[in-house]
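Counting from 2, one number per residue, gives the positions in the sequence shown under our numbering.
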Amino acid sequence: MELKAFNIAFAGLKVGQHQFEYEVDNTFFENFGFEEFNSSSLAVTAVLDKRTTIMDLKLTAHGVVNVNCDVTNEPFDLPVEVDMDLVIKFGEEFNDENIELLILPHGEYQFNISQYVYEMIVLSIPQKRVHPGVEDGTLDSEVLDKLDELSVAAPEEKETEQVDPRWDALKKLKTDNN
């Protein structure tokens, strides 16, 4: 998938809202060197609200990415539902340092949203990816069986703990000074 498809040529657009649709899969992420998804299928919508001196862009993405579980290494489909707002202004020079503001040089006629789409989707994926079957106990996996087998049981509390009487004397000093 070529990233040119994510260029939005706003110069010829009338004032008002304009909607752009994109289908994103693994070839899109490969352009950024990102290969953590087994597969991906996402629908991205960009709504550009063009006004005379400023533009607002609302990006939304929904779909699924197939990733491996961090506990069992089993692949599973992780749902993605994310959105992002961006304000586009015009200034002396290009500046995209602020995540919510893009400044384009005067005379510019288009901008590319691929970097914003990429970051929005990748940052929406949780750091720890756990198969839903692990959380609800329905996943039958050799890895989970082995983890249960190797887990150490919590030590049982002793009902009557022997406390050195010297500690009681120190605690008394602490409460006497208050």
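Positions of the beta carbon are idealized from the N, C-alpha and C atoms, including for glycine.
Model, not experiment: these values are computed from the prediction.
Please go through the same chain and pick out, in chain order, the residues whose beta-carbon is closer than 8 Å to the beta-carbon of residue i, but skip the five residues on each side of it.
| i | result |
| --- | --- |
| GLU94 | ILE104, PRO106 |
| ASP57 | LEU49, ASP50, ASP86, LEU87, VAL88, ILE89 |
| LEU43 | GLU24, VAL25, ASP26, ALA62, HIS63, GLY64, VAL65, VAL66, VAL81, ILE122 |
| GLU173 | The displayed chain sequence assigns Lys, not Glu, to residue 173. Result list for LYS173: empty, nothing under 8 Å. |
Measuring CB to CB, does residue i end up less than 8 Å from residue j?
| i | j | result |
| --- | --- | --- |
| ALA47 | PHE11 | no |
| ILE9 | GLN111 | yes |
| PHE7 | ASN99 | no |
Check residue i in the structure and name its three-state DSSP category.
| i | result |
| --- | --- |
| ASP57 | strand |
| LYS15 | coil |
| PHE29 | helix |
| ILE126 | coil |
| VAL118 | helix |
| PHE95 | coil |
| PHE21 | strand |
| ASP165 | coil |
| GLY34 | coil |
| GLY134 | helix |
Return the chain-ordered list of same chain residues with a C-beta closer than 6 Å to the C-beta of residue i, the five sequence neighbours on each side being excluded.
| i | result |
| --- | --- |
| THR61 | THR46, ASP84 |
| LEU102 | VAL88 |
| VAL118 | VAL45 |
| GLY92 | ILE104 |
| ASN39 | ASN67, PRO76 |
| SER41 | ASP26, ASN27, VAL66 |
Nearer than 7 Å: is that true of the beta carbon of residue i relative to any heavy atom of the ligand MG?
| i | result |
| --- | --- |
| PHE33 | What this structure holds is no ligand at all, so the ligand MG is not there to describe. |
CB-CB under 7 Å to residue i, same chain, minus the five flanking residues each way: which ones, in chain order?
| i | result |
| --- | --- |
| ARG52 | VAL16 |
| CYS70 | PHE77, ARG130, VAL131, HIS132, VAL135 |
| TRP168 | none |
| LEU4 | ASN32, ASN113, SER115 |
Considering Cα atoms alone, identify which of the options is closest to residue i.
| i | options | result |
| --- | --- | --- |
| VAL65 | GLU31, ILE100, ASN27, GLY134 | ASN27 |
| GLN213 | TYR119, ASN96, LYS59, VAL72 | This structure does not reach residue 213, given that the chain is present from 2 up to 179, and the question cannot be answered. |
| GLY13 | ALA6, PHE38, GLU109, THR73 | GLU109 |
| GLU37 | LEU174, VAL68, ILE114 | VAL68 |
| GLY34 | ASP97, ILE55, THR54, GLU120 | GLU120 |
Please determine if the stretch 122-130 and the stretch 70-83 are in contact, where contact requires at least 3 C-beta pairs separated by less than 8 Å.
Judged by Cβ distances under 8 Å, the stretch 122-130 makes contact with the stretch 70-83, as three or more pairs qualify.
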